[in-house]
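Residue numbers (numbering that gives the first Met the number 0): 0 to 75. Yeah, the Cβ is synthetic: ideal placement off N, Cα and C, and Gly gets one too. Notes follow once the structure below has been shown.
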Amino acid sequence: MPRTTIDIDPTVLRELKARGRQEGKTLGRIASELLTSALSTSRPEPVPPFRWTARPMGARIDLEDKEAVRRALDEG
């Protein structure tokens, strides 16, 4: 496994070491597992492109028929 050096906040380092002791794992193994988990869940799903749909709706009321308009307004 490749080795590297990173700067870790002292509080985070203490937590990593404590977890390593609890789980019986090395600091590198604990850090790798946590980073793998964080990296796999932090990628947002791609947003599908917006698709505009237009359809003729047709008139539901003849606007020239005053009684039909009045009935529709009274029902609503």
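Please report how far the alpha carbon of residue i lies from the alpha carbon of residue j, in whole angstroms.
i            : j             : result
isoleucine 5 : glutamate 44  : 29 angstroms
glutamate 32 : arginine 18   : 12 angstroms
threonine 52 : lysine 24     : 55 angstroms
arginine 69  : methionine 56 : 21 angstroms
Assign residue i to one of three DSSP states: helix, strand, or coil.
i            : result
aspartate 64 : coil
proline 9    : helix
threonine 3  : coil
glycine 27   : helix
alanine 37   : helix
arginine 69  : helix
glutamate 74 : helix
Should residue i go down as buried or exposed, given a rule of 16 or more other Cβ atoms within 10 Å for buried?
i             : result
isoleucine 29 : buried
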